[in-house]
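Trainee: Below: one structure in structure tokens.
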Amino acid sequence: MPKLSAGLLLYRLMGGSLEVLLGHPGGPFWAKKDDGAWSIPKGEYLEGEDPWLAACREFEEELGKPPPQGPRIDFPPLKQPSGKIIIAFAVRGDLDLDGTVSNTFTLEWPKGSGNVREYPEIDRVGWFSVPAARSKLLKGQRPLLDRLTDAVAAAESASPQ
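According to the working numbering, numbering within the sequence shown proceeds without interruption in unit steps and concludes at 161.
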């Protein structure tokens, strides 16, 4: 059974442009990586667990704030190059990034050194335009941007003018 992960792609419209919230993974492996390293806030969950509740839990763990209660878009499962399956939800809303704080994990680094430290799961977060997010986001998550832009465009064309 592949690993399961649930996440939230928070988005907003600023000056008519679509922006998404991404997080940069913490720890020494990712410290000097930028393009192709960012992710939607997400985390693993167990089969039988509600992916929406897991996505909300992981968002709050990784940002220290609950997700905004905006309109939700459910995306189909997205298989990652590793085989992991991501269940992602897009939520429209804004989030003040001041005071965001991530939970931590413990890691021996360098491996075999005996030096064990705690690192934040997410060391920084930011709002990005879709073109900027496309270069920042992990390659396997980039289809989420296409799904989001398609869904937002469909919603806008369906709304009365």
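For each residue, glycine too, the CB sits at the ideal point set by N, CA and C.
I'd like to confirm the pairing. Which residues does DSSP put opposite residue 23 in its beta bridges?
Mentor: The partner list for residue 23 (beta bridge, DSSP) reads 39 and 125.
Trainee: Compute the distance between the beta-carbons of residue 123 and residue 30, then report whether it is under 9 Å.
Mentor: It is a contact, given that the beta carbons lie within the stated cut-off.
Trainee: Quick one: grab the DSSP three-state call for residue 79.
Mentor: Residue 79: strand per DSSP, three-state reduction.
Trainee: For the beta strand (DSSP E) that residue 118 lies in, which residues bound it at each end?
Mentor: Segment 116-120, the beta strand (DSSP E) holding residue 118.
Trainee: By the three-class DSSP mapping on this structure, what secondary structure does residue 48 have?
Mentor: Three-state result, residue 48: coil.
Trainee: Less than 9 Å between the C-beta atoms of residue 106 and residue 117, yes or no?
Mentor: Taking 9 Å as the Cβ cut-off, residue 106 and residue 117 qualify as a contacting pair.
Trainee: Tell me residue 106's beta-bridge partners as DSSP assigns them.
Mentor: Per DSSP, 118.
Trainee: Please tell me whether residue 136 and residue 128 are closer than 9 Å, where the distance is taken between their beta carbons.
Mentor: It is a contact, given that the beta carbons lie within the stated cut-off.
Trainee: How is the beta strand (DSSP E) around residue 152 delimited, first residue to last?
Mentor: Here residue 152 belongs to no beta strand (DSSP E); instead the alpha helix (DSSP H) covers 143-158.
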